[in-house]
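In the working numbering, the protein residues as written are 396 to 1483.
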């Protein structure tokens, strides 16, 4: 009764907690609905407690727990934003409206399976005997080699390309049962039923069959493995399992094979060694055959399995083989045929004739922690994929099952249907983590690749069937909008890569969309077509809201829209700045109560006016816009009548090619870049328009030069708000303090460190220098950092250069991005919200990433504008590049029809929108490249203080006779500081006489130094000719100082001093350390 009461109380408590969560959810929905109603009415004021999607999702997770799916919450939030008055149900937050049929169909799709069976590769081993089978396969990850041993004695080594590197044929009457690699001896060990074979696979020529045979053995050997210990040198331990239930350990040294191999000169290369000469121990651990033996380095123990139902699996330390202490045993019905260990999950998976996979904790042998049921025949092999946490099991019927070890769910079932029943039994199976392949051995070697590897590396990425025209990123919903030239709009989820919806022929049949924009709230987006029509859509539902129809008198492609920009939200109206291909800039307005959009003004053509001497032209507001409080009113040029207007050359295109907008407090600017390289700045605060920059020869026609050489392909404002400046300063100070407190900077490779953090680390010296001044002022806010700096213009040019300007026209930086190729035309620019990262793409498909955070601070030091990374993303032109700050990924869109994802920190490929496999942005996978890209990312390293030092030594050195004459052997010995003993040979007179060659203005004097008989090398060396001395005294050594005491130094002890000097000369050899005689070096014996 007590248990029932406790369950009843617990259930009542859960119901009460859920009701409380529902009440909180209803209040949250009411707040969001009221906020959206106020936004639509124009009464809402931005506050700190404004509920956006991130806050809404966090609140829902706090109420209902982390099990709530992000996609379901996003759909609910989108529905609430579109229609705040619509009835809502709390079941929708849990995905009640989704159907299970779609997910089941996706699971049954072959492309979503783990291994792509249709791409199976097969390798047939040449030279194998009739009806021979692969008995054992071993992978050597550190060498990227594969060892395959056949039953009848053929041992083959394959390289990383599965090409035969070397092979040998063991001439033994018994069959091979297993093989492994001796990591210390660099040899291959194989076992037959009665012998151990050690083969030096690196031997060349006829010695390829040079192997050693260790015999005899007490029992029939069934399996083998090598104990890999890092503290062992030139020695390996071999573990063997036999049919008597014994586990044997043999210790082999390099001396056991190397010396005998060197002394042997027989024609027969196989040599027999006695097993009793090797150190070996054995212990009986099972009552039946030992089927598999492994050494698990992570657990520092070995494991052996047997068909014994009582002692099915033994897992313990190697020390248990030497003593008789009890071992850790796992029991299971009908024993175990095989087992494996998963490091991340920390479980041991066993399988046997009972057709059940059991999961064991290494320290709990009484009961398994999980079971996997599904096989209909005996389980013969089990392997693991550590990275993806997969277990692959194989039955005797050649049926493979792939399991998720974390969820214990079945992911895939496939079987090898080739061959007759029983003709191709699979004897061995491994998983190659280097190449992400499942490899099996029967009479051939079959390789099953992972589906994601084939999709990422073999399939051509395609998001649309036609080339991409527009790509936009909605940072509020974390979604991507793409438009192709076939006029298909697709919206994708960034986190997973799933397509949410698509719109066909949005502007009518066969009307191509050429531009698009998203408003600052993320709820609306606008599209523009080649015929000049503009439409505003609801981003969440894809419903059309407003339209600018085509004019009756418009000509075809006359109003082709190249760029759309949303202005900040106005009261009950939407404003869109549009750029046409003919260079006209116009403003489009949409009122809340009107379904039609209208053009309210067009900017006048200022290029002909600026072409003369007027570099600044004043503006006046039109009379109709004076009553409207608009940040960008309709204006007209104030031009003097007596100023002559230049005549335009029709061969020179002067149309505006790109624009950008800056609408912040104190600045209402429009920047434009033209086809002939002129930068124009419209200032709606001072009501002026001026020419920021003009190339010198932009108005001259040269038939030998490219007329597009001055073209500006993209232009962008770089402006950091006070909030971003303050945040960047705080981040830099925090990162610098962390660097000082830590042991040292860490590498960004393989870490989840933000790219902004790596930038801040480079600024730590400057920040620490100014931090003390900030502390001394004792102000709570850094007013000197938070003050907004004037905006900077960055332009991407046709000649491949990236240029940065002040709004006054001063050039701050002119840079040619570094790639593996020559100057390539830049096509697009993108900057993050806090203006710390700048991205650009070019026509050859490269992406270049810059760090500009420190550069924006005055005085705009050129050295602080740094290129961090460059990589080849597409084989064709990139039309747009985007940096998603929240996910630290880069999105690239190209005319090849694909939109691809890349890691911003290292340029590694993640996938493309439209692939069947879901994205996994949180986990860094293997480094892979798309099939149309073969270049690795280029990471730009900063110059350190060592590389900046100039080289002190010049070379080559030549013999200098003047130095030779000035030096003598005795002066050489006593001049320098005493060096170490091993530096004695560097103090010879000849090497001190070498110097760098001198440039002489007069003719060189030739002299003959070499000896023809001795040769050009030895004949040029100096020769010391000394008459035969009567006796050779010991010369004083380098590093020793002869102690000389003056008789005047110690008064009154002259006799004692003389006696010491005499004794010191007699025992000079004893006092010289080290005792090396240099007489033979300075006075070599000259043959008479």
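Glycine included, every Cβ here is placed at the ideal spot set by N, Cα and C. The model shown is predicted, which means the values in this text are computed figures rather than measured ones.
Top-ranked residue by Cα proximity to residue i, from the options
{"i": "residue 423", "options": "470, 475 and 555", "result": "475"}
{"i": "residue 1063", "options": "649, 911 and 1112", "result": "1112"}
{"i": "residue 826", "options": "1221, 532 and 1285", "result": "532"}
{"i": "residue 1077", "options": "1120, 449, 1026 and 690", "result": "1026"}
{"i": "residue 1214", "options": "1231, 1205 and 1196", "result": "1196"}
{"i": "residue 881", "options": "888, 469, 1014 and 900", "result": "900"}
{"i": "residue 1226", "options": "1322, 1114 and 796", "result": "1114"}
{"i": "residue 902", "options": "923, 589, 668 and 1251", "result": "923"}
{"i": "residue 891", "options": "457, 983 and 465", "result": "465"}
{"i": "residue 1066", "options": "627, 910, 897 and 1190", "result": "1190"}
{"i": "residue 795", "options": "782, 773 and 783", "result": "773"}
{"i": "residue 644", "options": "638, 651, 652 and 634", "result": "634"}
{"i": "residue 1121", "options": "626, 1092, 1220 and 1183", "result": "1183"}
{"i": "residue 612", "options": "672, 470 and 624", "result": "672"}
{"i": "residue 1206", "options": "1074, 1275 and 893", "result": "1074"}
{"i": "residue 511", "options": "1302, 958 and 845", "result": "845"}
{"i": "residue 868", "options": "408, 831, 919 and 830", "result": "919"}
{"i": "residue 553", "options": "586, 417 and 518", "result": "518"}
{"i": "residue 520", "options": "838, 1323, 1096 and 579", "result": "838"}
{"i": "residue 619", "options": "688, 680, 559 and 758", "result": "688"}
Beta-carbon proximity list for residue i, same chain, < 7 angstroms, skipping 5 on both sides
{"i": "residue 683", "result": "640, 701, 702, 703 and 730"}
{"i": "residue 1011", "result": "1083 and 1085"}
{"i": "residue 963", "result": "915 and 1058"}
{"i": "residue 1103", "result": "1193"}
{"i": "residue 1160", "result": "Here the model assigns residue 1160 a pLDDT of 36, short of 50, so the residue's position is not dependable, and the following value carries that caveat. Nothing meets the Cβ criterion."}
{"i": "residue 1032", "result": "999, 1001, 1004, 1012 and 1014"}
{"i": "residue 499", "result": "Unreliable positioning characterises residue 499 in this predicted model, as indicated by a pLDDT of 36, which lies under 50. The coordinate reading is nonetheless provided below. Cβ neighbours of residue 499 beyond the five flanking positions: none."}
{"i": "residue 1289", "result": "863, 1240, 1269, 1271, 1272, 1273 and 1274"}
Other residues of its chain near residue i: CB distance less than 6 angstroms, five sequence neighbours each side excluded
{"i": "residue 479", "result": "428, 431 and 432"}
{"i": "residue 1291", "result": "1269 and 1271"}
{"i": "residue 954", "result": "927 and 975"}
{"i": "residue 808", "result": "796"}
{"i": "residue 1093", "result": "1071, 1072 and 1105"}
Cα-Cα separation, residue i to residue j
{"i": "residue 856", "j": "residue 1245", "result": "26 angstroms"}
{"i": "residue 967", "j": "residue 986", "result": "6 angstroms"}
{"i": "residue 707", "j": "residue 1309", "result": "48 angstroms"}
{"i": "residue 461", "j": "residue 455", "result": "9 angstroms"}
{"i": "residue 1262", "j": "residue 1278", "result": "15 angstroms"}
{"i": "residue 1016", "j": "residue 975", "result": "23 angstroms"}
{"i": "residue 1257", "j": "residue 1087", "result": "20 angstroms"}
{"i": "residue 724", "j": "residue 1334", "result": "52 angstroms"}
{"i": "residue 1316", "j": "residue 1284", "result": "8 angstroms"}
{"i": "residue 805", "j": "residue 784", "result": "12 angstroms"}
{"i": "residue 459", "j": "residue 638", "result": "58 angstroms"}
{"i": "residue 463", "j": "residue 874", "result": "19 angstroms"}
{"i": "residue 404", "j": "residue 413", "result": "14 angstroms"}
{"i": "residue 764", "j": "residue 937", "result": "49 angstroms"}
{"i": "residue 1051", "j": "residue 978", "result": "4 angstroms"}
{"i": "residue 540", "j": "residue 568", "result": "28 angstroms"}
CB contact below 7 angstroms: residue i versus chain B
{"i": "residue 910", "result": "The structure shown contains no chain B; it holds only a single protein chain."}
Spatial neighbours of residue i in its chain, beta-carbon cut-off 8 angstroms, leaving aside the 5 residues before and after
{"i": "residue 768", "result": "750, 751 and 752"}
{"i": "residue 1218", "result": "1194, 1195, 1196 and 1211"}
{"i": "residue 906", "result": "882, 900, 924, 925, 926 and 928"}
{"i": "residue 1220", "result": "1108, 1192, 1193, 1194, 1195, 1237 and 1238"}
{"i": "residue 965", "result": "1025"}
Residue i beta carbon near the ligand ATP (any heavy atom closer than 6 angstroms)
{"i": "residue 569", "result": "The model on display carries no ligand, and the ligand ATP is accordingly not part of it."}
| Taking three-plus beta-carbon pairs below 8 angstroms as touching, is the stretch 771-783 in contact with the stretch 723-741? | Yes, the stretch 771-783 is in contact with the stretch 723-741.
| said: Restricting to runs no shorter than 4 residues, where is the alpha helix (DSSP H) found entirely within the stretch 842-926? | reply: Listed in chain order, they are 846-852.
| said: As an exercise, report each continuous beta strand (DSSP E) stretch of at least 3 residues that is fully enclosed by the stretch 501-561, in chain order. | reply: Secondary structure within the stretch 501-561: the beta strand (DSSP E) runs of 3 or more consecutive residues, fully enclosed, are 516-518, 529-535, 540-545 and 549-553 (chain order).
| task | With a floor of 3 residues, list each beta strand (DSSP E) that falls wholly inside the stretch 1223-1262, ordered by position along the chain. | result | With a minimum length of 3 residues, the continuous beta strand (DSSP E) runs that stay inside the stretch 1223-1262 are 1232-1237 and 1241-1246.
| task | Mind listing, in chain order, the continuous beta strand (DSSP E) runs of no fewer than 3 residues lying wholly within the stretch 1044-1126? | result | For the stretch 1044-1126, the full-length beta strand (DSSP E) segments reaching 3 residues or more read 1051-1059, 1062-1069, 1074-1078, 1083-1088 and 1107-1113 along the chain.
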